[in-house]
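Here the structure comes first, spelled out in structure tokens, and everything after it is commentary.
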Amino acid sequence: MPFPLAKLGYLAVKQISKPLARSIKEKAKTSPFLRNYILLPPAQLYHFWECTFKMRLMGFRRVTEVAPLNEQMAVDQAAEILGEVVIYSVGAGIIFWEYRRQERNNRSKEDTQNDRLGSLEEEVKEMGIQLEVQSAQLREMNRQLLGLHVADRKTTTIKDSSGSATLIVSNT
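If you're matching positions, the sequence shown starts at 894 in my numbering and goes up one per residue.
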């Protein structure tokens, strides 16, 4: 299921980016500065690398010289490369934005869980304190019962398994 959605998302990004890339390509073709300093050097370099790679694949060890592209072909080649760079940059930007959004959501969920865990820990501490208070009260009641002990009455002492609470029962 995720693959078709990813492919659909990629196509949507590509279609949305195409008008932007087209306008940048047209601007680059008409601007002398962009044409001479931004488009032509990378296009000639790409052409050199492409020819060198192809020659090595055909078995030539050393390529000494590669004829440069004419200006119009170099501009067209560079404009196409620039268009692809724009399309992939928009896609990378969207992926980065989505990653940051999910990171914020995860951080928010984690903060909520940490707050809940903190409140639960506080409740456990309060219950522990309450248990200690009640144990002390029970011990005090047992002590008072022992003080009321009459010599002729028989008493039974019952201790819990932890030894923290004792119950005195009188048999009359």
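Here a beta-carbon is modelled for each residue, glycine too, at the ideal position from N, C-alpha and C.
Everything numeric in this text was worked out from a predicted model, so none of it was measured.
Cβ neighbours of residue i in the same chain (closer than 8 Å, five flanking residues each side left out)
| i | result |
| --- | --- |
| P912 | none |
| K918 | A972, E973, L975, G976 |
| W942 | none |
| T945 | V956, V959 |
Anticipated Cβ contact below 8 Å, residue i with residue j, distance rounded
| i | j | result |
| --- | --- | --- |
| A971 | L933 | 7 Å |
| G976 | A914 | 4 Å |
| L927 | A936 | With 8 Å as the limit, L927 and A936 do not qualify as a contact, their Cβ atoms being about 12 Å apart. |
| H940 | V956 | The pair is not a contact, with the Cβ atoms about 12 Å apart (cut-off 8 Å). |
Exposure label - residue i; buried when at least 16 CB within 10 Å
| i | result |
| --- | --- |
| G1040 | exposed |
| I980 | buried |
| L962 | buried |
| A967 | buried |
Same chain, Cβ closer than 6 Å to residue i, neighbours up to 5 away in sequence not counted
| i | result |
| --- | --- |
| I1022 | none |
| M948 | V956 |
Other residues of its chain near residue i: CB distance less than 7 Å, five sequence neighbours each side excluded
| i | result |
| --- | --- |
| E1033 | none |
Which of helix, strand or coil DSSP assigns to residue i
| i | result |
| --- | --- |
| P912 | helix |
| R954 | coil |
| V959 | coil |
| S924 | coil |
| L1010 | helix |
| L933 | helix |
| L1041 | coil |
Validate contact between the region 910-929 and the region 969-987 using beta carbons, cut 8 Å, 3 pairs: yes
The region 958-975 contacting the region 921-936, beta-carbon criterion three pairs below 8 Å: Taking 8 Å as the limit for Cβ pairs, the verdict is that the region 921-936 does touch the region 958-975.
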